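Residue numbers (our numbering): 742 to 1277.
Every residue gets a Cβ at the ideal spot worked out from N, C-alpha and C, and that includes glycine.
The model shown is predicted, which means the values in this text are computed figures rather than measured ones.
Reviewing the structure listed below.
Here it is, written out as structure tokens:
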């Protein structure tokens, strides 16, 4: 392939947001779109590749989603309980989960355009399915969806990246791998130096296969991810100890483009720079890079069904404080704060059948089993547990609190698909750290434990944008740059402290689509001005 020297729109980053922006730009009239990424092609997709492919969207219930999924026939549809998820539902979740700090205009755009963005992706060839394995429990022969999240892509992140690449090929997007952005210079149009703002051009300096080069473009869209794979920046912004977090995705998200945009373009940094999406992650995984085969399966998200104990044998979070979709992205931080950054997830025979096979099967995780709690503690001690007696005492104290609640609430029904209120709190006994939902005694052999640590997914700090079209905002003036855009994990201000599961991919699609449309408009205007000048 001949390396392109110019284009209408240049996209930096090959994740969900970058691909969405590139395809949108073509569909909106851009004649030439180039997408670059510093990774080799076999690492295409950024962190998107390592996701479960979940998209959170407003919808009117099952009937609204059937048109975009490929894994539901008429018989199966008759056995699904999936109610509507309204704009108010989404907004309330965002407000609650992000502590009321999410930029209201960004949040409104995300929510109001989520449904149309999903259907736009489906038209572009993204294969959606109902997420039975991750977002539904089968109760009384009916699938009950929970947590406001129902959609995933076929084959998760792997399938999503495959579909995005295919769509980009069909739309004629030029993709250049092993091509790192090293500098950006905004220049007046050489044809018409006195033209309007839209005639500004971008000179992007790049390293392509180690060779210096440049690409001239009318508009540039940043979609290069955060700094989660950079231990220095993690410590600098997230705080001490974060260099010990395990990278669960691409090793190429090192914050280069964030720093470049702030340094060279006066881009305004905003958002929760000390916050990130981090999860319970297999402690035996590679700490420095995600596994492209195992991918998201190293996530260990079955904790609401059991307990989590640190190496001192003590609980440290309310495992049942909320549905998993609203806690998994912040519990990684709680795990990292524990001694040795290690904890043990624990269940008994009552709940192990409910664990996801893809996360907890023998081939994917080291399963620590035993026929008694004491034996389980001994086996965990061989893998880092320091206080076995406290481990056993903690579980037994928890069991006593469960029994006390049951004696006062004899009709309470355990249901993992709702916040069932089955807890450890009663008038007779309260734990220092309660379990607010799904509290069953851990007493039935065989027992199971797995060892987990903190896996970091993406960082929340980013760059300020205009919510209308994702244009970058200048730090010194507060005004938008006319032909610079930012989407995906590089965009700041949307998530604080936590995020609602599936909203990250939806954000990439919503704002990527908007940025592509606006960037194409910039290019079309610039070409029209240049053509008008040359005709005189």
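Three-state secondary structure assigned by DSSP to residue i
i            : result
residue 1138 : helix
residue 953  : strand
residue 797  : coil
residue 1098 : helix
residue 974  : helix
residue 1106 : coil
residue 946  : strand
residue 936  : In this prediction, residue 936 scores a pLDDT of 45, lower than 50, which makes its location untrustworthy; the coordinate-derived value is nonetheless stated afterwards. Residue state, collapsed to three classes: coil.
residue 1277 : Interpretation of residue 1277 is limited by its pLDDT of 49, a score under 50 that renders its predicted location unreliable; the figure taken from the coordinates is listed afterwards. Looking at residue 1277 - three-state DSSP - the assignment turns out to be coil, as it is neither helix nor strand.
residue 1031 : coil
residue 962  : strand
residue 821  : strand
residue 995  : coil
residue 1111 : strand
residue 1269 : helix
residue 1180 : coil
residue 1131 : helix
residue 877  : strand
residue 1155 : coil
residue 1200 : strand
residue 1013 : coil
residue 1146 : helix
residue 1064 : coil
residue 1251 : helix
Cβ-Cβ separation, residue j to residue i (assumed contact under 8 Å), whole Å
i            : j            : result
residue 1203 : residue 1233 : 3 Å
residue 1224 : residue 943  : 6 Å
residue 762  : residue 1228 : 6 Å
residue 969  : residue 1017 : 7 Å
residue 1021 : residue 1073 : 6 Å
residue 1153 : residue 1162 : 7 Å
residue 747  : residue 876  : So it is not a contact: roughly 45 Å between Cβ atoms.
residue 1146 : residue 1180 : 7 Å
residue 920  : residue 946  : Actually they are not in contact, since the Cβ atoms of residue 920 and residue 946 sit about 11 Å apart, beyond 8 Å.
residue 1238 : residue 1013 : 6 Å
residue 978  : residue 1015 : 6 Å
residue 1039 : residue 902  : The pair is not a contact, with the Cβ atoms about 18 Å apart (cut-off 8 Å).
residue 1084 : residue 1193 : 6 Å
Cα-Cα separation, residue i to residue j
i            : j            : result
residue 965  : residue 1089 : 43 Å
residue 1258 : residue 999  : 22 Å
residue 1126 : residue 1111 : 15 Å
residue 931  : residue 1212 : Because residue 931 carries a pLDDT of 42, less than 50, the predicted location of this residue cannot be relied on, and no value is offered for it.
residue 769  : residue 948  : 29 Å
residue 1135 : residue 1055 : 6 Å
residue 1290 : residue 865  : Because the chain is modelled from 742 through 1277, residue 1290 falls outside the range shown and cannot be assessed.
residue 1256 : residue 1175 : 45 Å
residue 1044 : residue 1113 : 20 Å
residue 1209 : residue 1221 : 11 Å
residue 844  : residue 836  : 10 Å
residue 911  : residue 827  : 34 Å
residue 881  : residue 818  : 15 Å
residue 1010 : residue 997  : 14 Å
residue 834  : residue 1177 : 18 Å
residue 823  : residue 1235 : 27 Å
residue 745  : residue 1200 : 32 Å
residue 794  : residue 872  : 10 Å
residue 1033 : residue 840  : 33 Å
residue 904  : residue 1173 : 48 Å
residue 984  : residue 756  : 24 Å
residue 699  : residue 952  : For the chain, the structure presents residues 742 to 1277; residue 699 sits outside this window and is missing.
Enclosing beta strand (DSSP E) for residue i [first to last residue]
i            : result
residue 1225 : 1221-1227
residue 1069 : Counting along the chain, residue 1069 falls outside any beta strand (DSSP E), though it belongs to the alpha helix (DSSP H) covering 1069-1077.
residue 924  : 920-928
residue 1214 : 1212-1214
residue 883  : 883-886
residue 892  : 892-894
Bridge partner(s) assigned by DSSP for residue i
i            : result
residue 1022 : 1040, 1194
residue 899  : Bridge partners of residue 899: none, in fact.
residue 915  : 775
residue 747  : 957
residue 1050 : 1056, 1085
residue 1259 : None, per the DSSP bridge assignment.
Heavy atom of the ligand ATP within 8 Å of residue i beta-carbon
i            : result
residue 1239 : As far as ligands go, the structure on display features none, and thus does not contain the ligand ATP.
Residue i, enclosing alpha helix (DSSP H) - first and last residue
i            : result
residue 1115 : 1114-1122
residue 835  : 828-838
residue 847  : 845-853
residue 870  : It is not in any alpha helix (DSSP H) - residue 870 instead sits in the beta strand (DSSP E) that spans 869-871.
residue 762  : 757-768
residue 806  : 803-806
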